[in-house]
Amino acid sequence: AAGAARAATAAATASPTAAPTGSLAMETDATAVAEAAAAVYTSVWYFDPNTAPPALALDWTVPSFGSRSDSFLKGCQWSPCGNQLLTCGDDNVLRIKTLGDGFQAIETKLVREAENVHDYAWLPADPATSQPQLFASSARDHPVHLWSARTGELQATYRPYNHLDEITSAYSLCFSPDGSELYCGFKNCVRIFNVERPGRTFQKNTLFERRTGMKGIVSAISFGQHHMYGCGTFSCSFGLYDERDHKAVCLQPTPTAVMQLRFSPEGHHVYCGGRTENEILCFDVRSMGTALFGIARAATTNQRLFFDLSKCGRYLFSAGQDGVLLVHDLYAATVAESGRHAYTVPCVFRMQADTDCVNGVSVHPVQAVVAAASGQRHFDVAGCHRDRRARAAAAAAASQTHQSKRRHGLHGEEDEGAAADSDSDAGGQHRLQVPPALRDVVLSASSGNNSSSGGEAGDEGGSATGSSSSRARQPHLRVWDFATPNQQQAVTEQHQQ
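Letter by letter, the sequence shown follows residues -18 to 478 of the working numbering.
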């Protein structure tokens, strides 16, 4: 009788967008189905490749900060109320874009961290209430900061200390669903802070101890249902843990380092995005071990690429280095006839969102709106080859001049002193004597080589100079409305035909 009543309640509260026959089943109880049905969008998503693209509600070209001309965005996130967009730049600046009616920009607040920003997260809040909008950020060699999105001022500081009583920085951040605790990822452990008690008091959950557990730097944290949360590491694995006692439920290896974890709204599936991984893998938490399916995307570099799920859990939005925005219908997953995965998920919509890499995708918490951030660092490879050839030609000319002087016995006191200095160098290598006519050429080539060696020199020293220095295209933050009246009318006319 209890089972029949539960089945009747589930049938009465089931969503009209249930999974079709033959697709991946989403088994939920009556409570989970009711909660999922209450969280479904009031707006409707329209994905049709034959209709006009969605309306571009906002196209913001992000300016560079100070003297930095090579900055780019590193993801974006909607606020819980949906009236603000939070972005992070390579210039260590967090930008909060406040939007009004029609997603028109009203103002922009800047929050600057002293070092490279590892992660940032919004404090959960109810969109129906007027709670203050707060977000946390973590930077290298700095404690975790809690900021006000309305004023851009610092509200609280959470200081994690290591075994040497030194401040250590968190690599990942995530608030608990009720917003009472802040989970911070570190090497081999997770430190949990009480949001209402800033300072250095925290609870430590050790993930690897005595050669057991999950080892590595915790790079991603995400919460699901049924008191469960997941932690992913750079050591190619992620684990599921119980929020009540912080014990491991299961550990799952992955092909590459984990960069992002997301649970489905009902909590039965977890999606994993990896570094240099061209697929977003989906796992069933009730039967771990093998991925159910993989969603293709273009990701061949170490850059962190974010994806997002719609609040109803049906659509997955992703992008990649090619700048293409992809939308996959998870409820239309069918049994695969061949391949290494058991199911295949169709792509219902694709659009060229940007000419550069789209590294961040975020879905609006209430409306059928998607925001995307773009940008990546570009290197002038042709310029590097030109500098290398110029340096080789200058060295060859200087060598010929030096050998000509040795044959004709034209060494002076200055050359003899330079030769003595070169012989006294470590390793006994002869120092090349550069003629005055070629000295400027060699020095300019060497300075170009120094400006292009490594990415940290350009980051720490501001905008690099030289033909081989790293450059970035102008980053963009765009917002698309997938529920515009013209698109609804086009879809309706096509269905009637």
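Even for Gly, the Cβ is constructed at its ideal location relative to N, Cα and C.
Asked, Found
"Endpoints, beta strand (DSSP E) assigned at residue 65", "65 to 70"
"Nearest neighbour of residue 244, chosen from 282, 305, 141, 291 [CA to CA]", "291"
"C-alpha distance - residue 165 paired with residue 373, whole-angstrom precision", "50 Å"
"Assigned secondary structure, residue 287 (DSSP; H/G/I helix, E/B strand, else coil)", "coil"
"Within the segment 131 to 163, ranges of the alpha helix (DSSP H) (whole runs, at least 4 residues)", "none"
"Residues near residue 135 by beta carbon distance below 7 Å, same chain, minus five either side", "126, 128"
"Whole-Å CB distance - residue 54 paired with residue 354, under 8 Å assumed", "4 Å"
"Pair within 8 Å by beta-carbon distance, residue 75 and residue 118", "yes"
"Alpha carbon of residue 300 to alpha carbon of residue 345, nearest angstrom", "16 Å"
"The segment 77 to 94 touching the segment 136 to 156, judged by at least three CB pairs closer than 8 Å", "no"
"Residue 359 to residue 283 span [Cα, whole Å]", "14 Å"
"Three-state class that DSSP yields for residue 311 in the structure shown", "helix"
"Integer Cβ distance of residue 332 from residue 34, believed to fall under 8 Å", "6 Å"
"Closest by C-alpha distance to residue 223, when choosing among 183, 171, 261", "171"
"Distance, residue 205 Cα to residue 247 Cα", "8 Å"
"Residue 270 versus residue 182 - alpha carbon distance", "37 Å"
"Contact set for residue 162: own chain, Cβ-Cβ below 8 Å, skip 5 residues either direction", "156, 173, 174, 175, 176"
"Nearest-angstrom Cα separation, counted from residue 323 out to residue 148", "46 Å"
"CB contact check: residue 147 to chain C, cutoff 8 Å", "Absent from the structure: chain C. Only one protein chain is present."
"Per-residue DSSP class, three states only, for residue 480", "Because the chain here runs from -18 to 478, residue 480 falls outside it and cannot be looked at."
"Closest Cα partner of residue 52 within the set 456, 463, 460", "456"
"Buried or exposed by the 16-neighbour rule on C-beta atoms within 10 Å, applied to residue 197", "buried"
"C-alpha gap between residue 99 and residue 385, whole angstroms", "57 Å"
"Beta-carbon gap between residue 203 and residue 211 smaller than 8 Å", "yes"
"Helix, strand or coil at residue 372 [DSSP, three-state]", "helix"
"Enclosing beta strand (DSSP E) for residue 243 [first to last residue]", "239 to 244"
"Neighbour-count burial assignment, residue 319, 16 or more Cβ in a 10 Å radius", "exposed"
"Contact check, residue 304 vs residue 337, beta carbons under 8 Å", "yes"
"Per DSSP, the bridge partner or partners of residue 88", "79"
"Whether residue 38 touches residue 83 by CB criterion (8 Å)", "yes"
"Residue 326 beta carbon less than 8 Å from that of residue 463", "no"
"Which of helix, strand or coil DSSP assigns to residue 114", "coil"
"Inter-residue spacing [alpha-carbon to alpha-carbon] between residue 264 and residue 236", "13 Å"
"Local conformation of residue 424 per DSSP, three classes", "Its pLDDT being 39, under 50, residue 424 is placed unreliably by the model, and the measurement read from it follows with that caveat. Of the three classes helix, strand and coil, the one that applies to residue 424 here is helix, per DSSP."
"According to DSSP, residues forming a beta bridge with residue 508", "Residue 508 lies beyond the stretch modelled for the chain, which goes from -18 to 478, so this question has no answer here."
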